[in-house]
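Note that the UniProt record's numbering has the sequence shown beginning at 1, numbered continuously upward.
Backbone N, C-alpha and C fix where the C-beta goes; we use that ideal spot for every residue, glycine too.
Structure first, commentary second.
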Amino acid sequence: MTTDTAKKIITSICPTCGCSLIRLGIGSDRWTTTTYEGKEYFFCCQGCTDLFNEEPPKYLEETKDLVVCPTCLAEKPVQWAVRMEIAGWEVFFCRCPYCPEVFAKDPDQYVKRLQGEIPYDGVFGQAGCCSSD
């Protein structure tokens, strides 16, 4: 159960492929951007930016309800996630029973990682993802 005062975790998800930019290890120095209807969107690579620009409403609809588990960084539709409040944060977890337990041990570290406030190489490390040359 969550309250109206729970803090929201802000993280970037590529609206074209639905990948968490943090999970991919893509920070502001590597992501690409575009603006649509006055809002700036962040992408994992130029290819995703180009696809998005062809049909923004399609991609926004497909990814609008995605959330990211702060522990394992899995992307899930919100209806498939487990919503909890831990340490004052509204958190959406994958369905793994282990992730909330791990998060509760050090919520600040997981929140900061998900918000891109601490370095994280991502699941591919220095190899990158589709944005690699």
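Practice task
Compute the Euclidean distance between the alpha carbons of residue 108 and residue 10, then round it to the nearest angstrom.
Solution key: 13 Å
Exercise for the section: Spatial neighbours of residue 40 within its chain, please: CB distance less than 6 Å, with the 5 preceding and 5 following residues excluded, ordered by chain position. Expected result: 33
Exercise for the section: For residue 75, name the three-state secondary structure that DSSP assigns. Expected result: strand
Practice task
Please say whether residue 73 and residue 118 have beta carbons closer to each other than 8 Å?
Solution key: no
Exercise for the section: Could you tell me the distance, in whole angstroms, from the CA atom of residue 115 to the CA atom of residue 59? Expected result: 22 Å
Problem - First and last residue of the uninterrupted beta strand (DSSP E) at residue 64 - result: Element bounds for residue 64: n/a, residue is neither H nor E.
Problem - Counted within 10 angstroms of its Cβ, other Cβ atoms place residue 122 as buried (16 or more) or exposed - result: buried
Handout entry: Residue range of the beta strand (DSSP E) that includes residue 91
Key = 89-93
Exercise for the section: Sort out for me which residues DSSP pairs residue 20 with in a bridge. Expected result: 13
Practice task
Rounded to whole angstroms, what's the CA-CA distance from residue 56 to residue 25? Just pull it up for me.
Solution key: 24 Å
Problem - Unbroken alpha helix (DSSP H) run spanning residue 43, endpoints - result: Unbroken run through residue 43 is the beta strand (DSSP E), 39-43; no alpha helix (DSSP H).
Practice task
Can you have a look at residue 78 and say buried or exposed, based on whether 16 or more other CB atoms are within 10 angstroms of its CB?
Solution key: exposed
Problem - Bridge partners - residue 86, DSSP secondary structure assignment - result: 89
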